[in-house]
Amino acid sequence: PPYTRPDITCHGDSGEGKALLLGVYSPPVLEDLKATIFTRTALKYDKLSCDKLSENIHAAGAVPKLGEVRLFYNLEPTFPIVAVAGLGNPSYGYNKTEQRDELKEAVRVAVGSAARAVQDLNVTRIYLESFGNTEAAAEGAVLSLWCIKI
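Here is the structure:
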């Protein structure tokens, strides 16, 4: 049998139980579907899937807003489930009143929403991109899936 690493799908592996979380920013004009702004990783995945990701985003209607998620199935064999989370405005900055980085907060919200969306789909492994801020993405995923056992 061919050498396999546990985190990479090789020939013959169906990819079952895996989900990929990607991000998309809202276009300046929400109805302008052609102006979809993918994160760098989502753009690379779109090319890997022969533009199936962008085709499905456009077919699903409006680009997801901050915290909204679109689920796509079997775009390509490596990941049977792809969750695309809306990141909202691509030009968030620091909010002095709230004393927080709005981009980091948007990443946490988006990743958390996507992680919860795939949680009930028999997913055993979630792969997520950095969403522009690795730490905030990890925080969003962990905190959204946290469960208190009493």
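Residue 1 is where the sequence shown starts when you use our numbering, and the numbers rise one by one after that.
All residues carry an ideal CB built from backbone N, CA and C; glycine is no exception.
Keep in mind it's a predicted model, so treat the numbers as computed, not measured.
query	result
The segment 44 to 61 contacting the segment 100 to 113, beta-carbon criterion three pairs below 8 Å	no
Distance between P77 and V123 (C-alpha atoms, nearest Å)	15 Å
Cβ contact check for the segment 42 to 51 and the segment 86 to 96: 3 or more pairs under 8 Å	no
Buried or exposed by the 16-neighbour rule on C-beta atoms within 10 Å, applied to S91	exposed
Buried versus exposed call for Y25 [16 or more other C-beta atoms within 10 Å across all chains shown]	buried
Cβ neighbours of P80 in the same chain (closer than 7 Å, five flanking residues each side left out)	G15, E16, K18, Y73 and N74
Contact belief for T39 with L22 at Cβ below 8 Å, rounded distance in angstroms	7 Å
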